[in-house]
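Asker:
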Amino acid sequence: IRDHVQGLIPIALLLTLLQWDCCAGQRLVQMQEGPLYRARGYPITIACNVSGFKGSTEQDFEFSIYLQERPEQEIKIISTQNPGIAYANYFQRVKDKEIEIERKTGSSVLLHIKDLHESDEGEYECFTPNTDGKFHGVYSAKMNLTVIQDTLTASMTTKALHMEEGETLQLECEVSTQTLQHTHTSVTWYLNKTGLQPLEILSLMSDFTLRPGAEFEHRYRSGHIGLDKIGSTLYRLTVAKLLASDKGDIYCEAGEWIQDPDRSWIKIASKRTEATALDVQSLVVGSVTDTFTAHIESSGPEFKEGETLEIKCSVGVPKALDHYFLVAWMKEGQELAAVGPTGVVIVGNTYAERHKNGEVQAIKQSDRDYIFTIKHIRTEDQGVFTCRVSEEEKGADGRLSVKESKTSSEIRVGVTARDPESTLRVSISNHTIQINEGEPLQLTCRAAGPTGPLSIAWQHKTSENTVRDVIGLRWDGRLEEGAHYRQRGQRGDVRAVRIDQGSFLLEIPNPLPPDAGSYKCIISEWAAGPSGDLQKIQSTSQEASVVISSLDSLIEAILRSRTMHIKEGENLELHCTVKGPQVPLSITWTFAQSGSSLLENIVSLLYNGSILWHKELSNFQIKTSVQQNAITSILKVSKSRTVEAGKYRCVVEAWFRDSLRATKLSNELAVQVKKPDSKLSISSEPKEIESTVNANVGIVCKILGLTSTYSQFAISWYFNKSETGKQSVLKTDRNLILEPGEIMKTRENKYHLQRESPDSFKLLILQTEFSDSGKYICEVEEWLQDPSMNWYSLSRRSSTTKLTIKSTEKKLKVMKERAEITVRDSEDFIVNCTINSDVQETSQFSVSWYRVSAASEKTLLLKWGKDFVLQGGNKELWKRAQFYSSARNTHHLVIRNADVADSGNYSCTVEEYELDGERRWQLLSNDESGFTSIVVHHPESNLQVFKRNEKVSINEKQSGFTVNCDIISYSDKRSFFEVTWLKRNGEEDAQPIFRALRSSTLQLLPTARQSLVFNRLSPWNYSLTIPVAEVTDQGTYSCQVEEWLLSPGNKWYKIANDTSGNLSVTI
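The sequence shown runs -25 to -1, 1 to 1042 under mature numbering (1 follows the signal peptide of the UniProt record, and there is no 0).
1. To the nearest angstrom, report how far apart residue 923 and residue 991 are at their CA atoms.
2. Can you name the start and end residues of the beta strand (DSSP E) that residue 203 belongs to?
3. To the nearest angstrom, report how far apart residue 827 and residue 655 are at their CA atoms.
4. Do the segment 579 to 586 and the segment 484 to 498 make contact, defined as three or more Cβ pairs closer than 8 Å?
5. Assuming residue 999 is part of the beta strand (DSSP E), what are its boundary residues?
6. Within 10 angstroms of the Cβ of residue 13, are there 16 or more other Cβ atoms? Answer buried if so, exposed if not.
7. Using only CA atoms, which one of 119, 383, 63, 742 lies nearest to residue 724?
8. Going by the CB atoms, is the gap between residue 210 and residue 202 shorter than 8 Å?
9. Which complete beta strand (DSSP E) runs does the segment 18 to 97 hold, if anything under 3 residues is left out?
10. Over what stretch of residues does the beta strand (DSSP E) that includes residue 628 continue unbroken?
11. Can you grab the Cα-Cα spacing for the pair residue 638 / residue 596, in whole Å?
12. Determine the direct distance from the alpha carbon of residue 969 to that of residue 928, and round the result to whole angstroms.
13. Expressed to the nearest angstrom, what Euclidean distance is found between the alpha-carbon atoms of residue 24 and residue 4?
14. Report the residue ranges of all beta strand (DSSP E) runs contained in full by the segment 628 to 675; include only those spanning at least 3 residues, in chain order.
15. Is the beta carbon of residue 161 sitting closer than 8 Å to the one on residue 136?
16. Start and end of the alpha helix (DSSP H) containing residue 195?
17. Given that a residue counts as buried once 16 or more other Cβ atoms are within 10 Å of its Cβ, and exposed if not, what is residue 392?
18. Report buried or exposed for residue 1004, applying the criterion of at least 16 other Cβ atoms within 10 angstroms of its Cβ.
19. State the beta-bridge partners of residue 472 as determined by DSSP.
20. Check the C-beta distance from residue 74 over to residue 65 and give it rounded, since I have them as a contact under 8 Å.
21. Would you mind sorting residue 58 into buried or exposed? The rule is 16 or more other CB atoms within 10 Å of its CB.
22. Taking the runs of the alpha helix (DSSP H) that are 4 residues or longer, which of them lie wholly in the segment 829 to 899?
23. Can the beta-carbon of residue 869 be found less than 8 Å from the beta-carbon of residue 796?
24. State whether the segment 834 to 847 contacts the segment 765 to 780, with contact taken as three or more CB pairs (one from each stretch) at a distance under 8 Å.
25. Taking only three categories from DSSP, how would you classify residue 296?
26. Does residue 466 pass the burial test, meaning 16 or more other C-beta atoms within 10 Å, or should it be called exposed?
27. So, under 8 Å CB-CB, residue 331 and residue 318 are touching, yes? Tell me the CB distance rounded to an integer number of Å.
28. Looking at residue 529 and residue 551, is the spacing between their C-beta atoms short of 8 Å?
29. Tell me which residues share the same chain as residue 448 and place their Cβ nearer than 7 Å to its Cβ, disregarding the 5 neighbours each side in the sequence.
30. Report the residue from 601, 581, 755, 882 whose alpha carbon sits nearest the alpha carbon of residue 810.
31. Given a threshold of 16 other Cβ atoms within 10 Å of its Cβ, counted over all protein chains shown, does residue 7 qualify as buried or as exposed?
32. State the CB to CB distance for the pair residue 560 and residue 628, rounded to an integer number of angstroms; the pair is presumed to be in contact (CB under 8 Å).
33. For residue 180, which of helix, strand or coil comes out of DSSP?
34. Just verifying my parser: in three-state terms, what is the DSSP assignment at residue 356?
35. Would you kindly check if the distance between the Cβ of residue 206 and the Cβ of residue 427 is under 8 Å?
36. Out of curiosity, what's the CA-to-CA distance linking residue 50 and residue 42?
Structure follows, in C-alpha cells:
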C-alpha cells in the first residue's frame, strides 16, 4: 500500500480508526485528523468511525463538503443510506464510482475519491443519522482538505544499451518538485521483463533509507548494486557484474511524500520515466585461455603535431573480474607502458620524462578497457602500435606469474609536422551577455588555425576597472585558479572546461551582481623548443561584456484582493503575486490591527518548503499557485472577525544557496471588517386600542424582518404616561428569561408575556384601570454571534401602541364652560373645577390640574389624590399653589403671587373611585373640564421724570453746581430705580458720567471727573453735585431713570424709562 497505492492512509492509522468501535457511553463520530494536503489528479481516502451508539450495529454515514468561498453552504456528496443524495456537481462522479464509500465494519467506513479536482478543496463533514432514540453525543466530525498542484517531474535519458555479462551499468534519473509544502521524494528503479510483473531493483525511500527489491537483495548485500545522489536532483543507479537475466526495460519511478498531522508519511504524487532497453550478451563458459582476446583501436590514423592520441586496448573475456590481466602497449616491438592487475602503471624509458610532465598517461578505464594517452603528440611518436594482454595467476606463494599472453593486431599512426606559418585566431560565443542573478554564466572561446597545444586564461574586469585573474587551463590540462576566485573554484562556483581540442568554456553557475563586467579569454599556442620543452609561440584574446541584473531589481511583490470591505462572517482572500526569476523564495504574511501600529507575523512559507505559523489562527489558511513567471501566495481568512480588520502586507525574501539575496515588501492593503447591516423591523398591533375598565387587553409585538436566521432577540415593554414618563413593565434577555420591570414589581399579577410564535410576543394587561391608559412601547434588541462564538447586540427597534381605558357607563360630568381671568403679576388667581352631575356619597375623587402653554405643551401642575395626598406635578409650583374644596362637587386651585409665566389654559381632570366588594378602590369614570384662560401681565408704565431746562453760569473754582433728578410718578410701588447722569459737550453725543444702580451700588464711569457728590433725598429724589467747578465741567447735563420690578419667579424685568430736562452750565 505504501509504495504502490497513492493517497491511501497508512495501515497503522487505518487499524486505529477501525478499532474505534470499542468506545461506549454517548455517540462520538471521529474523522481522520486534518488538515490534509493532496495533489490534484491523485486519489485520497478519508476514514470515518462512530462509537457509543445504540440501535442497529450497521450505522449509516453521510459525507458533505463546505467550500471555502461558501463556508455556510453544505454540499452533500455521498451517503450509505440515500444513493441519490449527491448534489449536481458530484452526482455524475458518484454514479461513475469515481467517488464511493467502502464499508469496513458496521461502524467504520472509508470515503474514496479516485481523482482529486481543485474544486474538492474544502472542509469535509462525516455525519451519522441518529439511531439512539434521543440525541446524546456528537453526530458529525469535520476535517479540512487542501488540494495542491502536482509539480513532481522525473526524467531519464533513454537509449538502447548492448552490454556483456560482467560489465557495469550506470543510469541516471533526474527528479525535482516545486511544492511549497514540506515534502520528501522517493526514487525506485524497476526492471520490466516482457510478460512479467516489473521487478523492484532498488529504492531510496522517503525516510532516506535504501531498500532493495526481493530479487536483487543478495546482489545489493554483496555490494554489486548501489544508488547515489549526485547534486540536488540527480540519482545514479549502478549495477556491477551484469547478468544475462538483467535483460529488459529499466525505468525510474519518483514519488512525493507529505507528513500528515498524525505524523505518518503519505505518497501524494508519482511520476514514471521512459524505459531504457538493456540487452546483456551471454558469453560462452569455457577455458579462459581459449576465449580471451586482445583488441586495439586509436582515436585516429593521422594527427597533427600538438594534438592528443588515445590508444584503447580491450580485453574480451567472460567474468573478467575473476581473472588478473597485465596490459602493455608496444611500438614496433618496444614496450611503451603497461597497467597491472592492481592498476599500477609502469612507463618505459622512452616516455618516462613526458609521463612525469603529464603528457603521457596509462589508465584502467574498466574491467575490460585500458587507455594509453599521448598529449601534444610529436612527429617522433608516429609508428606501428600493438597491445599485449597477459593473463596472470597466483602461485602458492601468492605471487603473480604470466599464464598466457595474446597480442592484438597492428595499427599505424601518422604525425604531420606543424605548419610554421600557423596563425592563431580566437572567437568568443557572445560579445554581450545579459543574465539575471543566479542564472548560470557561460562563455565559450574557440581557437582556429593552431597546430600546437593550447592554454587559456580568463580575466575579469570589474565595474571599478579592477582586473582579476579568474581561472586558466594549462596546455597539459591543469587548472590554475586566480587568488580572488580560488575559494569559489574549490566550491565549484567557477569552472573552466576544455570542450574539444580548440574550444574552452568558462562557467559560473551562480553569478552575483559583482560578477558583472568585462571578461577576456586569452588563448596561447605552445610548441616544442629545441630542447623538447614546450614554449609559448603566440597568444590572442577576445572580450565579452556581461550585465547581471540583481534579484532585488527583478523581484516584484503585488498584494491585491477582490474586496477590501467585507461583513463579519464573510470570507477574505488576499493574493500576493511575486514576479521575477525562479529562485527559492520565502513569503511572510504580516498584519497590523486597525488603530494599532504593532506589526505581527501570521505565517511564513520558507524557501526550503517549510510552513511556519507564528500564532494559532484557526480561520487562516494558506495556498500557493505556481505560474510560469510568477508565484501567487493566497491567504484565506474564513469567517472574518472585526479583530482581523487592519493592514496586510506580504514580505518576500529571495534566497540563493542558503543566503538571503533580496527582500521585497508588497503594497499595504487596508481591510475593513464591519458588523452586518441590520435588517430588523418590528410592528406592534393594533396601533390604537380602546377598552373599558376591568377588561383584559393584549398587545402583539411581531418581528417582521431579521438579519440572520441565527438571530436571537431580547424583548422589552415600556409604559409611557405624560405625567409619569417612560417606565419599564418587563423585559427578557436573548434566552427569553423574564425579568420584571419597575411597574411589574409592584403589580406582579397584572402583566403577562406570551410567545405566540418564534417571531411574535404578546403583552397581556389584566383587569384594566383608567391609570393603564397611555402608550405601550415594545422594544426588540437583535443579538448575533460573531465567528468567535461571542454574542453581541446588533440593533434595537421599537413600536408603540396607544391604549385608552374608558368607563363602561360614563356618569361623571365636569363643567365645560370656558372662562377668562386677567391679573397683574404678583396678584392671586383662582381656577374652579365643578362637577355638574350627581355625586354619590360613597365616591371619592382624584383631581388633576393641567396647564397648556402657548406652545400647546400640556403640563401636570398637581394631582390631589382620592386619599387627599398630593401625588405629582410641579413641586416648585406647590409653594405658590393651594387646593381646596368648597363642596363635594366644587374644587378650587389658587395660584398666589402670579407670574407672567403662569399664563395659559388651565383645566382639571376628575376621576371618580368607589370601593368594590373586596374593599379595593375601582375607577368608575373620569371627565375633563373646559379651559380657563389665565393672562398675567406686567403693570402699565407710568414713570415720569421732572423735565425743566435751565442755564447756569459760574466762575471757575469759586463755586459748584447740582444736577437734580426728580421722579414725579411711577408704575408700581414695588419698583426699583436705576439713575444715570449724562453730560454732552457741544454737538457730541451725551456720555454717562455717574450711575446709581437699583441695587444701591454707585458707579463712577470712566468719562467722569473725580470729586462728584451723590445724594438721595428720598426714594424719588436724586442729585449729583460738582462742588468746585472747573472749565472742563462746562456742558449740558441730564439724568435718565429706569424702572425695574422683581417677578414672582425672582427675575428682574424693566417696566419703563424716562429722561429729565437739560441743565446747561457755562464756566
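Even for Gly, the Cβ is constructed at its ideal location relative to N, Cα and C.
Answerer: To lay it out plainly:
1. 19 Å
2. It spans 200 to 205 - the beta strand (DSSP E) in which residue 203 sits, taken as one unbroken run.
3. 38 Å
4. no
5. 996 to 1001
6. Residue 13 counts as buried, since at least 16 other C-beta atoms from the protein chains shown sit within 10 angstroms of its C-beta.
7. 742
8. yes
9. 19 to 26, 37 to 41, 50 to 54, 74 to 80, 83 to 88
10. 621 to 631
11. 23 Å
12. Spanning the two alpha carbons is a distance of roughly 22 Å.
13. 6 Å
14. 634 to 640, 644 to 649, 656 to 660, 663 to 667
15. No.
16. 192 to 196
17. exposed
18. Buried, since its Cβ has 16 or more Cβ neighbours within 10 Å.
19. 480
20. 6 Å
21. exposed
22. 850 to 853
23. no
24. no
25. Confidence at residue 296 is low in this model, with a pLDDT of 47, below 50, so its placement is unreliable and the value that follows should be read with caution. Residue state, collapsed to three classes: helix.
26. exposed
27. Not a contact, Cβ separation roughly 19 Å.
28. no
29. 430, 431, 454, 471, 473, 479
30. Ranking 601, 581, 755, 882 by CA distance to the CA of residue 810 puts 882 first.
31. Residue environment for residue 7: buried (at least 16 other C-beta atoms within 10 angstroms of its C-beta).
32. 7 Å
33. Residue 180: coil per DSSP, three-state reduction.
34. helix
35. Using a Cβ distance threshold of 8 Å, residue 427 and residue 206 do not count as a contacting pair.
36. 8 Å
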